[in-house]
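Take a look at the structure set out below.
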Amino acid sequence: MSQQQEKRKNSLANSFQELLRHEPLEKITVEQICQQAGVHRSTFYRYFQDKYDLLRYAFDIFLVAHVDEEDIIGSTIAMINREKQLFRNVSINNDSNFLFYQMIDILSKHLLTGAKNGKLESTPWLARELKNSQYPPLVAEMMAGAFLTLLFKWISSNYQMKPEELSNFLANLGE
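Residues in the sequence shown are numbered consecutively from 1, following UniProt numbering.
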């Protein structure tokens, strides 16, 4: 993919993220995304099948850019805390579980990579579970699902717990 094509894809992703800060996922149209990015619909469909395909791409870029492998849980919580409205509009202000499953996939891969590279010091119990398991990919998916369920509950409670408290709770969960 050329640098120009990559710029267009990223422009669409950034425009989509900006819209998600103001509207629920279900209400955003491809036309709105194109207007925000200043491109024609044909450009959108050259790169993405639909807004969920764009969401997957944007989320991959967004999450990967903000997750610190040294502190996967803490950095994910901090990222959600910084982008409260965006995550509210994607997670609880819509009818789709799409993002939840996408996040499980991405987070479980980060957990496996972090465990493999010895980067889960902030959550030693999690590193231990992944290391000692006969089925690390299943453990990673289970832990990612549990973690994300807790995060979605945190979002739906309007962030009642401070990010540091939530991070400490998760860091010490298995101890």
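Heads up, the beta-carbon is just placed ideally off N, CA and C, and yes, glycines get one too.
Practice task
Measure from the alpha carbon of leucine 25 to the alpha carbon of each residue in Arg41, Glu6 and Asn89, then state which is nearest.
Solution key: The residue you call residue 25 lines up with position 25 of the sequence shown. For leucine 25, the nearest C-alpha among the options comes from Asn89.
Practice task
Quick one: using the 10 Å Cβ neighbour count with 16 as the cut-off for buried, is methionine 103 buried or exposed?
Solution key: Indexing the sequence shown from 1 puts residue 103 at position 103. It counts as buried.
Exercise for the section: Have a look at Ala144, Ala146, Phe147 and Arg128 and flag the residue whose alpha-carbon is nearest the alpha-carbon of glutamate 175. Expected result: Along the sequence shown, read from residue 1 onward, the residue named residue 175 stands at position 175. The shortest C-alpha separation from glutamate 175 is found at Arg128.
Exercise for the section: Indicate whether leucine 12 and alanine 37 have their beta-carbon atoms separated by less than 7 angstroms. Expected result: Locating residue 12 in the sequence shown gives position 12, counting from the first residue. Locating residue 37 in the sequence shown gives position 37, counting from the first residue. Yes, they are a contact pair.
Problem - Length of the line joining the Cα atoms of asparagine 132 and alanine 78 - result: Translated into positions along the sequence shown, residue 132 becomes position 132. Translated into positions along the sequence shown, residue 78 becomes position 78. Approximately 28 angstroms, taken between the alpha carbons.
Problem - the segment 104–120 contacting the segment 37–51, beta-carbon criterion three pairs below 8 angstroms - result: no
Handout entry: C-alpha gap between leucine 107 and isoleucine 92, whole angstroms
Key = By one-based count along the sequence shown, residue 107 stands at place 107. By one-based count along the sequence shown, residue 92 stands at place 92. Spanning the two alpha carbons is a distance of roughly 19 angstroms.
Exercise for the section: With a threshold of 16 other CB atoms inside 10 Å of the CB of leucine 138, please say whether the residue is buried or exposed. Expected result: As a position in the sequence shown, residue 138 is number 138, starting the count at 1. Exposed: under 16 other Cβ atoms inside 10 Å.
Exercise for the section: Find out if the Cβ-Cβ distance for the pair isoleucine 72, histidine 110 is shorter than 7 angstroms. Expected result: Mapped onto the sequence shown, residue 72 falls at position 72. Mapped onto the sequence shown, residue 110 falls at position 110. Yes, these two residues count as a Cβ contact at 7 angstroms.
Problem - Whole-angstrom distance between glutamine 4 and glutamine 134, CA atom to CA atom - result: Indexing the sequence shown from 1 puts residue 134 at position 134. Indexing the sequence shown from 1 puts residue 4 at position 4. Each residue's Cα considered, the two are about 45 angstroms apart.
Practice task
Tell me whether alanine 146 is buried or exposed, calling it buried when 16 or more other Cβ atoms sit within 10 Å of its Cβ.
Solution key: The count along the sequence shown starts at 1 and reaches residue 146 at position 146. Exposed, by the Cβ-count rule.
Exercise for the section: Return the Cβ separation of phenylalanine 100 and phenylalanine 152 in integer angstroms, given the expectation that the two are a contact with Cβ distance under 8 angstroms. Expected result: Sequence index remark: in the sequence shown, residue 100 carries index 100 (1-based). Sequence index remark: in the sequence shown, residue 152 carries index 152 (1-based). Confirmed, Cβ separation roughly 7 angstroms.
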